[in-house]
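Notes follow once the structure below has been shown.
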Amino acid sequence: MSLLEGIVITFRFGVLMMMSLIAGLINLLSFIFPPGKKSVSGEIVLITGAGSGLGRGMALSFARLGATIVAWDINKEGNEATVQMIREEGGKASGFVCDCSKRDDIYRAAQEVKSSVGHVTILINNAGIVTGRKFLDCPDDLIQKTMDINTNAHFWTTKAFLPHMMEQNKGHLVNIVSAAGLMGVAGLADYCASKFGALGFAESIRSELSIQGKSGVHVTCVCPSFINTGMFNGAELKNTTMLGPDDVVREIVAAVQRNQFMLVLPRSTAVFNNLKGLIPQSLLDRSQDASGMHHSMDGWVGRQGTKKEK
Ligand SMILES: NC(=O)c1ccc[n+]([C@@H]2O[C@H](COP(=O)([O-])OP(=O)(O)OC[C@H]3O[C@@H](n4cnc5c(N)ncnc54)[C@H](O)[C@@H]3O)[C@@H](O)[C@H]2O)c1
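Residue 86 in UniProt numbering sits at position 86 of the sequence shown; the count goes up by one each step and never skips.
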């Protein structure tokens with residue numbers, strides 16, 4: 001390593017330390033003086049993929065806060081069960097079967113929601129799938145489907161519901177992304193691509209809203225690591241337990257109520273992201289190796305319980 005390279009690395013490290021210190025200070029201040037939470041009572045909250053996992057958890061939580069829930073899922077049974085659970089607790093909910101991999105089905109269901117429930121004021125793009133294989137072993141149709149559900153569906157739901165939010169200058173877009181939308185992971189190439197896409201889309205929409213003066217329409221991106229919902233059964237990171245779905249749901253609801261833009265869970269995951277571009281790739285590789293990130297999918301079996309062969 002030349003002297004100049006050494007100076008550049010030391011400088012970058014200094015910048016990183018300074019940024020971490022400032023971020024830590026801001027976090028500490030917002031921990032001591034948390035921003036007030038907005039009420040979601042009376043809001044119409046549409047959640048895609050509401051038939052299980054995080055989607056069901058968020059539907060129940062927002063309903064308990066007085067929101068009217070619009071549950072979408074391709075899984076009719078799971079979706080109806082979520083709606084039933086909310087109604088049994090005295091909440092308001094309606095369910096719609098929608099295949100979020102199909103643009104026409106999204107527009108059809110959106111029209112039905114507008115005429116039978118009303119204008120959606122909080123849109124939560126949550127439906128997602130994972131193929132869980134090394135890229136060259138992923139069948140083309142599954143790669144396409146991953147992009148259609150995890151990324152493209154966000155375009156069509158946003159086109160369907162954002163215009164009314166902008167007219168009212170009031171609303172909230174919530175995109176359930178993933179920590180895999182912050183860094184590439186071996187065994188998750190198509191999933192990471194779809195989540196990077198979803199994050200880039202949300203960041204751009206936030207900027208478009210900002211330059212158009214729509215300060216009343218908020219955007220929240222959620223980037224969690226592995227959560228114990230079943231989707232990532234068998235995946236693991238060294239010395240790290242999976243996040244609990246209830247904890248993640250609680251954090252998401254609080255982030256929405258505080259109009260927080262980025263929610264990265266666990267917060268330590270954000271460190272890897274901040275290191276990108278600041279330290280040499282070889283050092284980043286080593287820190288990722290130490291976490292077992294690139295072997296985290298080796299034992300993945302997902303909800304079906306076995307790794308499907310090609
Ligand atoms: N579980 C994790 O470790 C984890 C981590 C980070 C991000 N996420 C993301 O969180 C979101 C929710 O995941 P989860 O863990 O609750 O998984 P999940 O499988 O329990 O929920 C996903 C839901 O999406 C629905 N869905 C799938 N394809 C659909 C389609 N074509 N149309 C409509 N609905 C469809 C499923 O039926 C299911 O109800 C996903 O976007 C996922 O990528 C999950």
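From the three backbone atoms N, C-alpha and C, an ideal C-beta is built for every residue, glycine too.
No experiment lies behind these values; they were computed from the predicted model shown.
Setting aside the 5 residues that flank it on each side, Cys98 is surrounded in the same chain by Trp72, Asp105, Ala109, each with a C-beta closer than 6 Å to its C-beta; the list follows chain order.
Under DSSP, Ala93 takes part in a beta bridge, and its partners are Ile69. The beta carbon of Ser287 sits closer than 8 Å to those of Phe272, Leu275, all from its chain and outside the five residues before and after it, given in chain order.
Straight-line measurement puts the Cα of Phe161 at about 18 Å from the Cα of Leu199. Rounded to whole angstroms, the gap between the alpha carbons of Pro139 and Cys223 is 26 Å. DSSP links Gly171 through a beta bridge to Val217.
Rounded to the nearest angstrom, the Cβ distance from Tyr191 to Thr146 is 6 Å, consistent with a contact under 8 Å. In this structure Gly78 is in contact with Gly51, their Cβ atoms being roughly 3 Å apart against a cut-off of 8 Å. Cβ contact annotation for Leu237 (same chain, cutoff 8 Å, sequence separation greater than five): Ser225, Phe226, Ser291, Gly292, Met293, Ser296, in chain order.
Not one heavy atom of ligand 1 falls within 7 Å of the beta-carbon of Asp190.
Trp72 has its CB nearer than 7 Å to a heavy atom of ligand 1. Shortest Cα-Cα distance from Gly181 to any of Gly216, Gly128, His164 involves Gly128. DSSP places Thr157 within a helical segment (H, G or I) once states are collapsed to three.
Straight through space, the alpha carbons of His172 and Gln111 are spaced by roughly 19 Å. With contacts defined by Cβ atoms closer than 8 Å, Asn228 and Gly302 do not form a contacting pair. A Cβ-Cβ separation of about 7 Å places Thr220 in contact with Leu263 under the 8 Å criterion. Residue pairing of Pro224 in beta bridges, as defined by DSSP: Leu265. About 12 Å separates the Cβ atoms of Val174 and Val249, ruling out a contact at the 8 Å cut-off. Per DSSP, reduced to three states, the secondary structure at Leu60 is helical.
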